[in-house]
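Undergrad: Sharing a structure below in structure tokens format, with a few things to ask.
As structure tokens, this is what we get:
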């Protein structure tokens, strides 16, 4: 048998990395060796530290998930930090992948990088059509540059570097810090704390009207494995649930309350910012390749995510 692929996953201890780890354990293939990095393995924004990682593990393939990330309010106050840190991380990972003859790199972008003023649904051709939402322009421009770099590495060196654009991801091993988390883990943590303290009111910031598409981390993991093994384009591909699976923040809050069996009241603090009203993404390209892929029902995924947090809240990233 030929040597197995050595797949290095940056950001491997996070939400998506843990989901990939779970799926590859279930698959138990002997033609792939997986290495899941965490920030303890080295600072990817430091070139020499990153170089040492590549020399140690000698990957043939890279799934690049590592990034400085945060929720709406954290982004609004730290745009420069998000820009600089992510530029360094991405440049180091891609350049060292090239220097070490990595066969394929799959980098993770985000639907929040799309133009603020746009028509919906957004698709893969629209990433660079205008400025991103001002709340997270630092993160967005750094992520957009991965797409530019992928094309440049392909054109100049023939590298098979591509990227995925997931919609909002959630699931076990998320970041539950109330200052820097995304909406689902933030609300799970908040309601968990309220219940622990005997509270009867679950207050959600904003009007509850914004609409979002949410993808369960285990579904995303399966799709990333498909991209790594089968997707041959350099152009990015959106990995998202279908457009008709979009739900409001109000529906989300109610689903979380139901999963916790919370009997109190859910209220909305309309004095707080909503962020973008919607950012509907088209998964038509994905459906062209995988017309029959079945996503986990939202209520099932939320219930599993809530159960995981209830059992792991002491060790979770709070």
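Residue numbers (UniProt numbering): 1 to 318. The beta carbon of each residue, even a glycine, is placed where N, CA and C say it ideally should be.
(1) Can you give me the start and stop residues for the alpha helix (DSSP H) that residue 185 sits inside?
(2) Classify residue 178 as helix, strand or coil using the three-state DSSP reduction.
(3) Tell me whether the segment 248-266 and the segment 183-190 touch, counting them as touching only if at least three CB pairs, one residue from each stretch, are closer than 8 Å.
(4) Determine the DSSP secondary structure at residue 160, reduced to helix, strand or coil.
(5) Taking the alpha-carbon of residue 133 as reference, which of 117, 124 and 127 has the nearest alpha-carbon?
(6) May I ask you to report which of helix, strand or coil DSSP gives residue 231?
(7) Quick check on this structure: which residue in 17, 317 and 206 has the alpha carbon closest to the alpha carbon of residue 178?
(8) Flag residue 227 as yes when its Cβ comes closer than 6 Å to any non-hydrogen atom of the ligand HEM, and as no otherwise.
(9) Just to confirm my understanding: we take residue 88, look at its own chain, exclude 5 residues before and 5 after, and list those with CB closer than 6 Å. What are they?
(10) Provide the residue span of the alpha helix (DSSP H) that contains residue 54, from first to last.
(11) Spatial neighbours of residue 279 within its chain, please: CB distance less than 6 Å, with the 5 preceding and 5 following residues excluded, ordered by chain position.
(12) Which same chain residues end up closer than 8 Å to residue 206 when comparing Cβ atoms and leaving out the 5 residues on each side of it in sequence?
(13) With a cut-off of 8 Å on the beta carbons, I'd call residue 141 and residue 210 a contact; round off their distance for me.
(14) Along the chain, where does the beta strand (DSSP E) that runs through residue 277 open and close?
(15) Say whether the segment 169-176 touches the segment 214-225, bearing in mind that this needs 3 or more beta-carbon pairs closer than 8 Å, one atom from each stretch.
TA: Looking at the coordinates:
(1) 183-196 is the span of the alpha helix (DSSP H), which, as asked, contains residue 185.
(2) Of the three classes helix, strand and coil, the one that applies to residue 178 here is coil, per DSSP.
(3) Three or more Cβ pairs closer than 8 Å define a contact, and the segment 248-266 meets that threshold against the segment 183-190.
(4) Three-state result, residue 160: strand.
(5) Ranking the options by Cα distance to residue 133, first place goes to 117.
(6) Taken through DSSP and simplified to helix, strand or coil, residue 231 comes out as coil.
(7) The candidate whose alpha carbon is nearest that of residue 178 is 317.
(8) Of the ligands one can find in the structure shown there are none, so the ligand HEM has no counterpart to examine.
(9) Hits under 6 Å: 45.
(10) 47-57 is the span of the alpha helix (DSSP H), which, as asked, contains residue 54.
(11) Counting only Cβ-Cβ distances below 6 Å, and skipping sequence neighbours, we find 111.
(12) Within the same chain, residue 206 has close Cβ partners 249, 268, 269, 270, 272, 273, 274 and 275.
(13) The beta-carbon separation of residue 141 and residue 210, rounded to 23 Å, does not stay under the 8 Å limit for a contact.
(14) Residue 277 -> no beta strand (DSSP E), and no H or E assigned at all.
(15) Counting Cβ pairs under 8 Å, three or more are found: they touch.
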